Amino acid sequence: MKNRDNSIAWNYHDATKHSYWSVRSSGHGLDWDNRPFPFKVYPDLEPIPLPQSTEPLSHEALSAISSVIAPTAGQPLPDLSALARILYLSAGITRRRNHSGGEFFFRAASHTGAMYAIELYLVCRDLPGLEAGVYHFGPGDFALRKLRSGDLRGVLVRATAAEPAMVLSPAIIVSTGTYWRNAWKYQARTYRHFGWDGGTLLANLLAAATAVGLSARVVLGFVDAPVNGLLGLDTSREVALSLVPLGYQEGLPTDHVPTVEPLTHATLAYSKSEVDYPLLREMHEASSLISEPEAQDWRSGPNTIRPLKPAADFVPLSPIPDAAPSDSIDRVIIRRGSTRQFARKAIALNQLSSILYHATQGIPADFLDPPGNLLNDLYLIVHAVEDLSAGAYVLHRDSWVLEQLEAGQFRREAGHLGLDQELPADASATVFFLANLNPILERFGNRGYRAVQLEAGIIGGKMYLAAYALGIGATGLTFYDDEVTEFFSPHAAGKSAIFLMAFGRPAGK
Ligand SMILES: Cc1cc2nc3c(=O)[nH]c(=O)nc-3n(C[C@H](O)[C@H](O)[C@H](O)COP(=O)(O)O)c2cc1C
431 MKNRDNSIAW NYHDATKHSY WSVRSSGHGL DWDNRPFPFK VYPDLEPIPL PQSTEPLSHE
491 ALSAISSVIA PTAGQPLPDL SALARILYLS AGITRRRNHS GGEFFFRAAS HTGAMYAIEL
551 YLVCRDLPGL EAGVYHFGPG DFALRKLRSG DLRGVLVRAT AAEPAMVLSP AIIVSTGTYW
611 RNAWKYQART YRHFGWDGGT LLANLLAAAT AVGLSARVVL GFVDAPVNGL LGLDTSREVA
671 LSLVPLGYQE GLPTDHVPTV EPLTHATLAY SKSEVDYPLL REMHEASSLI SEPEAQDWRS
731 GPNTIRPLKP AADFVPLSPI PDAAPSDSID RVIIRRGSTR QFARKAIALN QLSSILYHAT
791 QGIPADFLDP PGNLLNDLYL IVHAVEDLSA GAYVLHRDSW VLEQLEAGQF RREAGHLGLD
851 QELPADASAT VFFLANLNPI LERFGNRGYR AVQLEAGIIG GKMYLAAYAL GIGATGLTFY
911 DDEVTEFFSP HAAGKSAIFL MAFGRPAGK
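Under this note's numbering, the first residue of the sequence shown carries the number 431, and numbering increases by one thereafter.
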């Protein structure tokens, strides 16, 4: 059981840290002639076109971001148009732009470097408008392609040792990551990016599921090999990362597991040649589960990661009530993009508070029970927020207060920590995600590293949406790992930097 040898996750994490010197000495250039094609293409399979809805959804954005529907009876059976809506709002093409390196297809969720290495598959029973089968979602032509016929959900249910939401789900969405499609740019750091990009996508997916009235849950506790086998993946290049059971139906019998033959569908090459980064495959294999008891153990037992305790100097936060008008969730998703320049203007305290609040709610995941638990702690550098003095803070979610760690204007420091970019210096506030990896890896093994990165991506994705719902700009960012921990120490001593977001007024608006 390699998953229990936590030294592998630590090695990966340490080997893929950014520092001022590592960034300047890497010598890695982008080979634009070899840029990977951003879509997986099955040339021999017929497309099944998906219906494009033009009707706006009635669900208000902030509430869709922060609420979930429990997997209980009374939900509609998902039909093709509901599934099409969810797939579009998670991974559909929302913008196209020409660039000297070729045409870029921007997607509904933010992804590092617009590389879009996350693919989606659907495994379902007979549904209105769609036969039972295993399908690949192609955002390029907005179509499904059938990889297998028949109801094969039992393979996934067994792989999760009968996780309750899986047993009850008529349709399961599987996310995968394709190494080369991110590693072309980010090399061995791609495993972190799988969590980040997979997470931003899931933030959209969870909100879209809520908006169409379906329950959804993020399941990471599964035996890897049968899931990869069901999708016919070449696991040296593409691997399953998460399962999301949608909706509710009568329980699926769990005693019968269908057998599946290897798949032989051809796919097109992404690039003329690919570079292999063995560290990525090593991290994946070492965080793979190989038996059902391991999958069962993943979700049983108390989650020992405790929330932070507030200290003396704190500022209470007051989220904007849900009743405050905001756009529907689909309109917010479609207009979302990463802010390219901030205006150094202030945002309101209740706007910052609302972003933090809505982004940290509604994350139904099999590694976060009881609900409300999170693996990441949120630290802030505030530059320009009305009624909040500039400085460094830590968020206490249990009492909903910001504790000031140090007063002062830290624009220059934030810019430096965020890889010497202008965005974190010009923003109104930056939010750094830090996690205490030791107890997480002790509880979950190496796979806890997948969970902590994915959780960060989900919260980051929700932050993007909450900010855009409130008319504020946002962007994900990259960072110098150890310098982030040093900046927030002694409070953050021993923690690892996981993720970074910046918020503010976009320049020119
Ligand atoms: C985790 C994460 C880190 C990112 N890091 C940076 C960054 O360091 N600098 C930057 O300019 N953009 C960064 N981005 C923004 C992406 O480049 C952007 O999401 C991508 O180009 C897609 O564009 P869109 O978000 O406007 O759809 C990051 C995004 C994410 C999700």
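We put the CB at the ideal spot given by N, CA and C, even for glycine. As the structure is a computational prediction, the values presented were derived from the model and not from experiment.
Sorry if obvious, but does the Cβ on residue i come closer than 7 Å to a heavy atom of ligand 1?
{"i": "F536", "result": "yes"}
{"i": "F929", "result": "yes"}
{"i": "W440", "result": "no"}
{"i": "G625", "result": "no"}
{"i": "L853", "result": "yes"}
{"i": "A503", "result": "no"}
{"i": "H541", "result": "yes"}
{"i": "L907", "result": "yes"}
{"i": "L864", "result": "no"}
{"i": "L808", "result": "no"}
{"i": "G681", "result": "no"}
{"i": "S530", "result": "no"}
{"i": "S829", "result": "no"}
Using C-beta distances below 6 Å, list every residue in its chain close to residue i, excluding the 5 sequence neighbours before and after it, in chain order.
{"i": "G543", "result": "K615"}
{"i": "I412", "result": "There is no way to answer for residue 412, as the model of the chain reaches only from 431 to 939."}
{"i": "K702", "result": "N464"}
{"i": "A494", "result": "A637, T640, A641, I759"}
{"i": "S496", "result": "H788, Q791, G792"}
{"i": "A822", "result": "I811, L835, E836"}
{"i": "P746", "result": "V831"}
{"i": "E549", "result": "K470, T606"}
{"i": "D817", "result": "L779"}
{"i": "R619", "result": "T446"}
{"i": "A897", "result": "I785, A904, F933"}
Could you have a look at residue i and say whether DSSP puts it in helix, strand or coil?
{"i": "T630", "result": "helix"}
{"i": "D581", "result": "coil"}
{"i": "P479", "result": "strand"}
{"i": "P854", "result": "helix"}
{"i": "Y898", "result": "helix"}
{"i": "M893", "result": "helix"}
{"i": "F467", "result": "coil"}
{"i": "P723", "result": "helix"}
{"i": "F744", "result": "strand"}
{"i": "A753", "result": "Low local confidence applies: a pLDDT of 49 at A753 is under 50, so the model's placement there is unreliable, and no value is given."}
{"i": "F797", "result": "coil"}
{"i": "H443", "result": "helix"}
{"i": "V687", "result": "coil"}
{"i": "D760", "result": "helix"}
{"i": "R454", "result": "helix"}
{"i": "A837", "result": "strand"}
{"i": "I499", "result": "coil"}
{"i": "Y823", "result": "strand"}
{"i": "F572", "result": "coil"}
Given a cut-off of 8 Å on the beta-carbon distance, is the pair residue i and residue j in contact?
{"i": "S819", "j": "G934", "result": "no"}
{"i": "L510", "j": "L577", "result": "no"}
{"i": "A932", "j": "T905", "result": "yes"}
{"i": "A670", "j": "L676", "result": "no"}
{"i": "A776", "j": "A814", "result": "yes"}
{"i": "F862", "j": "L930", "result": "yes"}
{"i": "A521", "j": "P481", "result": "no"}
{"i": "A547", "j": "C554", "result": "no"}
{"i": "L719", "j": "V453", "result": "no"}
{"i": "N612", "j": "M713", "result": "no"}
{"i": "R575", "j": "P477", "result": "yes"}
{"i": "V824", "j": "H921", "result": "yes"}
{"i": "V657", "j": "V690", "result": "no"}
{"i": "A633", "j": "G891", "result": "yes"}
{"i": "A591", "j": "Q679", "result": "no"}
{"i": "S768", "j": "A439", "result": "no"}
{"i": "R766", "j": "L900", "result": "no"}
{"i": "F968", "j": "L847", "result": "Nothing can be reported for residue 968: it is not among the residues displayed for the chain, which extend from 431 to 939."}
{"i": "E533", "j": "T608", "result": "no"}
{"i": "R880", "j": "G559", "result": "no"}
{"i": "A947", "j": "F909", "result": "Nothing in the structure corresponds to residue 947, since the chain is present only between 431 and 939."}
Below 8 Å CB to CB, which residues in the same chain sit around residue i once its five sequence neighbours on both sides are set aside?
{"i": "I499", "result": "Q505, A639, T640, G643, L644, S645, A646"}
{"i": "R761", "result": "P486, A491"}
{"i": "P688", "result": "G580, D581, L582, G584, V585"}
{"i": "T630", "result": "A539, S540, H541, G887, I888, G890, G891, Y894, G906"}
{"i": "F744", "result": "H826, S829, V831, L832, E833, Q834"}
Excluding five sequence neighbours on each side, which residues of the same chain lie with their C-beta closer than 7 Å to the C-beta of residue i?
{"i": "V587", "result": "M596, V597, L682, T684"}
{"i": "S748", "result": "N780, S783"}
{"i": "G845", "result": "Q851, E852, P854, A855"}
{"i": "P508", "result": "L557, P600, A601, L644, L676, G677"}
| said: Going residue by residue through the segment 626 to 677, where are the continuous alpha helix (DSSP H) segments of at least 4 residues, counting only ones entirely within it? | reply: 654 to 661
Could I get the ranges of all uninterrupted beta strand (DSSP E) runs contained in the segment 859 to 934, with 3 residues as the minimum, in chain order?
-> 859 to 865, 903 to 907, 926 to 934
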